[in-house]
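Visitor: The structure is given below, and queries will be raised subsequently.
Residue numbers (my numbering): 9 to 278.
This is how it looks when you write it as structure tokens:
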């Protein structure tokens with residue numbers, strides 16, 4: 009057969025030629041081995057567990073909500089006779105806002121007119137909004153949270169606010185109220201540090217601190233997969249279950265004694 013003839017021919021070559029083939033094959037094997045070793049080495053990193061502080065937070069998008077809002081409406085159809093305040097106007101308590109053929113509306117508190125829905129001589133149907141005023145600088149942050157998150161939130165927890173236009177400024181606040189409304193879970197955050205330029209209906213990223221540990225046993229978040237971590241223990245690679253506590257974006261707290269002082273935590277390479 010043809011392949012048998014090729015093998016016989018190779019063995020009939022001079023010794024030096026066969027030796028060169030062996031050397032070339034050995035070099036190739038070493039190179040492939042080094043490449044495989046390098047790839048294996050780069051597939052993960054190892055770190056030691058460490059002790060330190062950790063803060064766990066839940067996050068949400070909040071809306072600046074005025075503490076007081078008033079919208080004038082009629083109980084019966086009527087006609088607008090005169091308008092005393094327009095959007096952007098600041099009014100004091102008791103200032104005239106709008107007069108219809110049946111009633112004079114006045115500001116129930118000091119604020120700013122934000123909406124005017126009708127003009128003079130127009131007919132207003134019952135229940136239709138006519139004019140709205142809001143407090144501009146007396147407000148709080150209101151968030152809608154999911155059920156899992158809201159179960160961990162209670163009044164008194166610290167919060168940190170961040171506005172898109174004020175990214176370099178972190179504003180500290182505190183949770184003031186937690187309640188349900190119309191099937192939604194509402195969290196209110198108060199702050200004494202709110203800048204003057206913040207206005208109603210602006211949005212803010214809110215982080216609410218739900219857990220803090222000062223001397224926690226920590227490992228990288230990326231090392232945990234389905235409640236288990238891989239470790240190097242006495243030179244051997246193994247997978248062990250761990251009990252997780254507080255967690256932030258990078259680290260998680262280990263609550264049990266599953267880790268030993270000399271363990272190295274295997275972390276997938278980025």
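No residue lacks a Cβ here, since even glycine has one placed at the ideal position from N, Cα and C. This structure is a prediction, so every number in the text was calculated from the model and none was measured.
Between residue 203 and residue 174, which are expected to be in contact by the criterion C-beta below 8 Å, what is the C-beta distance as a whole number of angstroms?
Guide: For the purposes of this step, residue 203 is taken as the residue at position 195 of the chain shown. For the purposes of this step, residue 174 is taken as the residue at position 166 of the chain shown. Confirmed, about 7 Å.
Visitor: Check whether the region 236-251 touches the region 263-271, counting contact only when three or more Cβ pairs, one atom from each stretch, lie closer than 8 Å.
Guide: yes
Visitor: Roughly how many angstroms lie between the CA atoms of residue 230 and residue 209, to the nearest whole one?
Guide: Here residue 230 corresponds to residue number 222 of the chain shown, with the count starting at 1. Here residue 209 corresponds to residue number 201 of the chain shown, with the count starting at 1. Whole-angstrom Cα-Cα distance: 37 Å.
Visitor: If you measure between the beta carbons of residue 280 and residue 60, is that distance less than 8 Å?
Guide: The shown model of the chain, from 9 to 278, leaves out residue 280, and the question about it has no answer.
Visitor: Could you give the DSSP three-state label for residue 231: helix, strand or coil?
Guide: For the purposes of this step, residue 231 is taken as residue 223 along the chain shown, with counting starting at 1. Residue state, collapsed to three classes: helix.
Visitor: Let me know if residue 128 comes out buried or exposed under the rule of 16 or more other beta-carbons within 10 Å of its beta-carbon.
Guide: Taking the chain shown and counting its residues from 1, one reaches residue 128 at position 120. With a threshold of 16 other beta carbon atoms within 10 Å, residue 128 falls short and is exposed.
Visitor: When burial is assigned at 16 or more other CB atoms within 10 Å of the CB, is residue 65 buried or exposed?
Guide: Indexing the chain shown from 1 puts residue 65 at position 57. Label assigned to residue 65: buried.
Visitor: Would you identify the three-state DSSP class for residue 157, choosing helix, strand or coil?
Guide: Here residue 157 refers to the residue found at position 149 of the chain shown. DSSP places residue 157 in helix when its eight states are reduced to three.
Visitor: Between the alpha carbons of residue 220 and residue 255, how many angstroms are there, rounded?
Guide: By 1-based counting over the chain shown, the position of residue 220 is 212. By 1-based counting over the chain shown, the position of residue 255 is 247. Rounded to the nearest angstrom, the two C-alpha atoms are 9 Å apart.
Visitor: Would you give the residue range spanned by the beta strand (DSSP E) that residue 252 belongs to?
Guide: Walking along the chain shown from the start, residue 252 turns up at place 244. Start and end: 252-255.
Visitor: Name the DSSP beta bridge partners of residue 142, please?
Guide: The sequence position of residue 142 within the chain shown is 134, counting from 1. Bridge partners of residue 142: 77, 120.
Visitor: Residue 197 and residue 188: beta carbons closer than 8 Å?
Guide: Walking along the chain shown from the start, residue 197 turns up at place 189. Walking along the chain shown from the start, residue 188 turns up at place 180. The answer is no: Cβ separation not under 8 Å.
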